[in-house]
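>
In this note's numbering, the protein residues as written are 287 to 1011.
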């Protein structure tokens, strides 16, 4: 009964599909795809029809998933210590030592808290008969929790009565559970989320989880190892001890001293710090030995061996070519099975025997005989279709879908009351992995019948959510982040002022004074000998191949803002996302006049960004770096447009105030270079007095004297762009 009510009310979300996708777009909910050497950072398609799992059904999944992950953790502890399971003949030793995921460099290391797999992503499918099957265990760097977490928040706001009337388990506990795992294993110091960079497919998730857990988002260059301890280094060179690293890069690239010496995204010496017990790494290096596709075959035996229990959840029927009996089955039934290359991930290396021609089947059979350790074969599970709304027709259409459930382990093992439901890109396609072009759905876990215990749990969850709202990343500004803040200030100001000035000159041109636009081009070092005015305007506004275009400036602002999600928060970042969407849409539009009129929306987004930053709880040091860039750019542009010197008073005063907020601290190199260059240019433009004013409160790059009247700071507002007082 409860499920039917949920399904009936869930239909209400279908009508909000466009609105929800619009919200996902403005918040930058992306997933990257690499194909043919090209990386594309695209929006992750969302479907509004949720997967609904009844309470009792999920309770069985919950017990089975916790059991499975506990056994896998026990196996990892054993494989990197006594290896009893190998000695007792449960797992043949060749499966351990030939695994690409086994790293002898961490043999004998017991991670802090004794936990290896802190975050497990368990991939399941539901057969047409309703039975659940586990397809894979992901114990290294599983992705995907951020997407249902983020979209549920939008769903709650876009259809609040639905979540009031339908008893759906709240999924907002994920950041708290993740942070609890971090804190349980942390040694001494701050928590960081280590990302390899923006080109990683799951960068959105890295930055979003850093924001939600209050951890610092760190790039490899932000961390260094000294005396077997890991430190987060700020822009001034000050070190801050790191106690736990939630790493989002593969083992092979984690430490060039211990693994791949050619890695340029690793942290030299981090493994030595980990081996010394001075830092926790989530998930533990070497976990790949247990989520090897061949090791999957032995998980049911692991459960019996370590827990002395029968498995609650089932593996898909699997055959191992290294076993003669299984190899014969595989070769005899190759056309009926699915073959998986154990070295591949992300849906790659999966071949359905039924799709192979006679010659291809013979070639595959020979490869299996030649390299039996490289492959496994599984029965094809006829798993259930789930309806999606076809974006082209708006009609419901079936798609294959799996479920990635997330299990978090710290002091206890918790199964998250949600999950990432992924569906295939095309009807009938069996591979649903995100990197193969599919989309995602929310996963609703229905609550149990009303009970006193459930009511108490909801009260506890509400309190925990309030506690989470106070989490914020530590105000630690690395050299990279300092540059990002500074350039975000400069590019956002460049967009605002150039569009504002452009409108004035454009109006004169529309009044038939075509030559009136040349001073504008001259001020910005643009070509002045344009023959086709409309072509010039289009290039100036929309050509992303032109580094001087407004569109390029908007994208540059975004490129600096997107790595600042933990500091700025998703609510502020969306204004830059909106500016990107507006300029990109206008660039591909047909109505030239209307598109030019839309530039005012972009300036509004910039105003919203600045006002939001100023009114936020962002650390004053971070605010200062952004607004220093903003007002340096404003002074630069005003001097280019030869505005009266009196108009420089307000930006000069604000620049002095924000520099004063860094008094006693060394200036970041980007700011130093910007000030020095501007001091050289201003006299050449006839602004000698402005040069003298700036020199009063900036004596040299490493020490500055701010405008002594800093009490005026509270009276100034970035939204009042040209306020004199």
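We treat Cβ as the ideally placed atom computed from N, Cα and C, and that holds for glycine.
My understanding is that residue 317 touches residue 328, with C-beta atoms under 8 Å, so please give their C-beta distance in whole angstroms.
Confirmed, about 7 Å.
> Give the secondary structure of residue 413 by DSSP, where H, G and I count as helix, E and B as strand, and everything else as coil.
Strand, per DSSP.
> Would you say residue 940 and residue 776 are within 9 Å of each other, going by their C-beta atoms?
Going by C-beta atoms, residue 940 is not nearer than 9 Å to residue 776.
> Less than 8 Å between the CB atoms is what I'm expecting for residue 785 and residue 885, so what's the real figure, rounded?
Right, the Cβ-Cβ distance comes to about 5 Å (below 8 Å), so this counts as a contact.
> Would you mind stating whether residue 449 and residue 315 have Cβ atoms separated by less than 9 Å?
No, they are not a contact pair.
> Using three-state DSSP, classify residue 482 as helix, strand or coil.
In the structure shown, residue 482 sits in coil (DSSP, three-state: anything other than H, G, I, E or B).
> Taking Cβ to Cβ, would you say residue 528 is nearer than 9 Å to residue 517?
Contact flag set, yes.
> Which of the three DSSP states, helix, strand or coil, is assigned to residue 664?
Note: residue 664 maps to strand in three-state DSSP.
> Thinking residue 472 and residue 404 are a contact (beta carbons under 8 Å), I'd like their distance in whole angstroms, please.
That belief does not hold up - the Cβ atoms of residue 472 and residue 404 are roughly 11 Å apart, past 8 Å.
> Measuring only the C-alpha atoms, how far is residue 611 from residue 377?
Spanning the two alpha carbons is a distance of roughly 17 Å.
> The alpha helix (DSSP H) that contains residue 349, what's its start and end?
Taken as a continuous stretch (DSSP letters only), the alpha helix (DSSP H) holding residue 349 covers 341-365.
> Go ahead and pull the three-state DSSP assignment for residue 916.
Looking at residue 916 - three-state DSSP - the assignment turns out to be helix.
> Report all residues from its chain with a CB closer than 8 Å to the CB of residue 697; omit the five preceding and five following residues, and keep chain order.
These residues qualify, in order along the chain: 399, 466 and 470.
> Return the residue from the list 728, 842 and 488 that minimises the CA-CA distance to residue 781.
Residue 781 has its Cα closest to that of 842, out of 728, 842 and 488.
> So, helix, strand or coil for residue 725, using DSSP?
Strand, per DSSP.
> Report yes if the C-beta distance between residue 726 and residue 709 is below 9 Å; otherwise report no.
In contact: residue 726 and residue 709 (Cβ atoms closer than 9 Å).
> To the nearest angstrom, how far is it from the Cα of residue 425 to the Cα of residue 579?
Cα to Cα, residue 425 sits roughly 12 Å from residue 579.
> Residue 397 by DSSP, collapsed to three states: which one?
Of the three classes helix, strand and coil, the one that applies to residue 397 here is coil, per DSSP.
> Just checking my contact of residue 732 with residue 341 at CB under 8 Å: how many whole Å lie between their CB atoms?
The Cβ separation is near 5 Å, so the contact holds.
> Can you tell me whether residue 904 is buried or exposed? The criterion is at least 16 other CB atoms within 10 Å of its CB, across all chains shown.
By the 10 Å Cβ count, residue 904 comes out buried.
> Give me whichever residues DSSP pairs with residue 518 in a beta bridge.
Answer by DSSP bridge pairing, in chain order: 509 and 526.
> Between the C-alpha atoms of residue 1020 and residue 867, what's the straight-line distance to the nearest angstrom?
The structure shown does not extend to residue 1020, since the chain spans only 287 to 1011, so no value can be given for it.
> Just tell me which of 304, 296, 331 and 792 has its CA closest to the CA of residue 446.
Ranking the options by Cα distance to residue 446, first place goes to 296.
> Would you report the Cα separation of residue 356 and residue 855, rounded to the nearest angstrom?
The alpha-carbon atoms of residue 356 and residue 855 are separated by roughly 35 Å.
> What's the C-alpha gap between residue 657 and residue 549?
Each residue's alpha carbon lies about 28 Å from the other.
> Can you tell me which of 408, 366 and 417 puts its alpha carbon nearest to the alpha carbon of residue 397?
When only C-alpha atoms are compared, the closest one is 366.
> Taking DSSP as the reference, what is the three-state secondary structure of residue 606?
Coil.
> Would the beta-carbon of residue 457 fall within 9 Å of that of residue 773?
Result no, Cβ atoms of residue 457 and residue 773 do not sit closer than 9 Å.
> Helix, strand or coil for residue 330 per DSSP?
Coil, per DSSP.
> Could you give the DSSP three-state label for residue 874: helix, strand or coil?
Looking at residue 874 - three-state DSSP - the assignment turns out to be coil, as it is neither helix nor strand.
> Identify every residue that forms a DSSP beta bridge with residue 601.
Paired residue(s): 420.
> For residue 946, tell me which candidate among 967, 911 and 935 has the shortest Cα-Cα distance.
Of the candidates 967, 911 and 935, the one whose C-alpha sits nearest the C-alpha of residue 946 is 911.
> Grouping DSSP H, G and I as helix and E and B as strand, with all else coil, what is residue 773?
Looking at residue 773 - three-state DSSP - the assignment turns out to be helix.
> What does the Cβ neighbour count give for residue 373, buried or exposed, with the cut at 16 atoms within 10 Å?
That one is exposed.
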